[in-house]
Amino acid sequence: MDWPELRIRFDRSGRGVGSCGFMGLAALALAPSAAAPDRDAFVLHQPTIPVETALEHATPDILPGLRLAISEYERAGGKYVLGPNDCSTFVCDYFEGLGVKPRWRMGTRDMVSRTYTRRAGLEWADNAQNGVAFAYRYSSPEGKEEGHCGIMLVLGGREFMMHNSGSAGGLVVESRDAFLKRQAELGVDLKGIRYLTLP
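Quick note: the sequence shown uses my numbering, first residue 3, plus one each step.
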């Protein structure tokens, strides 16, 4: 017997919308294991996820930092602006929300220096883990020295990078794999990425 195709897509609220024939509905009714897919599991396996989803799944220890950084980002206009609302401002606001206000507004040049990181009241972490900041410097295709930074998150067992990106036009949460692949394509030396954490 040929079963009709079952087509379901999910709207923003996570509800399934679509159509199927009578036999498709009967098959779903007869197969209790064919429950609706878990919306969060589906969303967390996408290359980018909504900021709200990241907040819903973030661990309680880093929520105050994320909330303050996002609040300040939105208060400053909700888009990337070099200087007053850029990636390093986002990271500094994050650490301030965790109770460590860097002694000055650190830039990526400061973050990749162990000396300046310590002077700012932070430490380098040995590896990427939930809640650490990442920072690196690189030469752009035009030969200009640039840098970038953000926050590493582990959500639903997957690693994500939350960062305020000029090329993305603002705050984005993307899978670590997708992020690192894109950075490698830009010529970033991935071994030069530094991870910052609370002392």
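Quick reminder that beta carbons are idealized off the backbone N, C-alpha and C, glycines included.
Quantities reported herein were computed from a predicted structural model and do not represent experimental measurements.
Which residues DSSP lists as bridging residue i, in chain order
i	result
W126	L198
C94	C94 is not bridged to any residue.
I51	V175
L188	In the DSSP output, where bridge partners are listed per residue, L188 has none listed.
S141	E147
M154	M163
V83	N87
A135	I153, L198
Reference residue i, options the options, closest by Cα
i	options	result
P52	P201, Y197, M164, L192	M164
G102	L124, A186, V114, N87	Residue identity differs from the one stated: residue 102 is Val in this sequence, not Gly. Ranking the options by Cα distance to V102, first place goes to L124.
R139	T91, L192, I72, E176	L192
I153	G171, N129, S169	N129
W126	Q48, Y197, P49, G159	Y197
D88	G194, V190, S169	S169
E161	Q131, W106, F44	Q131
G99	L188, T55, G194, G133	G133
H150	L200, G159, G85, W106	G85
I195	S167, M113, S177	M113
Helix, strand or coil at residue i [DSSP, three-state]
i	result
H59	helix
R120	helix
A36	With a pLDDT of 40 at A36, under the threshold of 50, the predicted position of this residue should be treated as unreliable, though the coordinate-derived value follows. Coil at A36, not helix or strand.
M113	helix
V45	helix
A180	helix
A71	helix
R77	helix
L100	coil
Beta carbon of residue i nearer than 8 Å to that of residue j
i	j	result
A173	Y96	A small fix is needed here, since residue 173 is Leu in this sequence, not Ala. Taking 8 Å as the Cβ cut-off, L173 and Y96 do not qualify as a contacting pair.
A135	T110	no
T50	V175	yes
F92	A122	no
L157	A56	yes
C94	R107	yes
L188	A60	no
Closer than 8 Å is the cut-off here; do at least three beta carbon pairs connect the stretch 144-151 with the stretch 69-83? Not touching, per the Cβ criterion.
Would you be able to state if there are at least three C-beta pairs under 8 Å between the stretch 114-122 and the stretch 181-193? Counting Cβ pairs under 8 Å, fewer than three are found: no touch.
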